[in-house]
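Numbering (our numbering), first residue to last: 5 to 93.
Spelled out as structure tokens, the structure:
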């Protein structure tokens, strides 16, 4: 068994240099947290999902290149995602 310290995580080499994030629930709180994640160097919001189209439109203003979905199951099928943020009421 290998024990990793917090500082050693930054030295682990992955398949690429970017973390691709999907965000489910991009209302006010979801967009706020999504914006905080976007401040992390090497992180890209690659997909957004909400049942309300106007929330998707607002999220796409923060992440214009992100794929958009109204069904969370479709977002979860995106194999290129490394992590998913779920922000629901």
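Using N, Cα and C, we set each Cβ at its ideal position, and we do this for glycine too. A quick note: this is a predicted structure, and the numbers were derived from the prediction, not measured.
### Query
So the beta strand (DSSP E) residue 49 belongs to, where does it begin and stop?
From DSSP, the beta strand (DSSP E) with residue 49 extends over 47–53.
#### Entry: Burial state of residue 44, where buried means 16 or more other Cβ atoms lie within 10 Å
When all chains shown are included, residue 44 counts as exposed.
### Message
Please report the distance separating the alpha-carbon of residue 21 from that of residue 85.
### Response
A direct Cα-Cα distance of roughly 13 angstroms separates residue 21 from residue 85.
### Message
Would residue 63 and residue 74 qualify as a contact pair, given that the criterion is a beta-carbon distance under 9 angstroms?
### Response
It is not a contact, given that the beta carbons lie outside the stated cut-off.
### Query
Taking Cβ to Cβ, would you say residue 49 is nearer than 9 angstroms to residue 42?
Remark: C-beta atoms of residue 49 and residue 42 approach each other more closely than 9 angstroms.
### Query
What residues in its chain sit with their C-beta under 8 angstroms from that of residue 55, if we drop five residues either side in the sequence?
Excluding sequence neighbours, residue 55 sits near 74.
### Task
Evaluate residue 33 with the Cβ neighbour count: other Cβ atoms within 10 Å of its Cβ, from every protein chain shown; 16 or more gives buried, anything less gives exposed.
Under this definition residue 33 is an exposed residue.
### Task
Identify whether residue 88 lies in helix, strand or coil by the three-state DSSP scheme.
If DSSP states are grouped into helix, strand and coil, residue 88 belongs with the strands.
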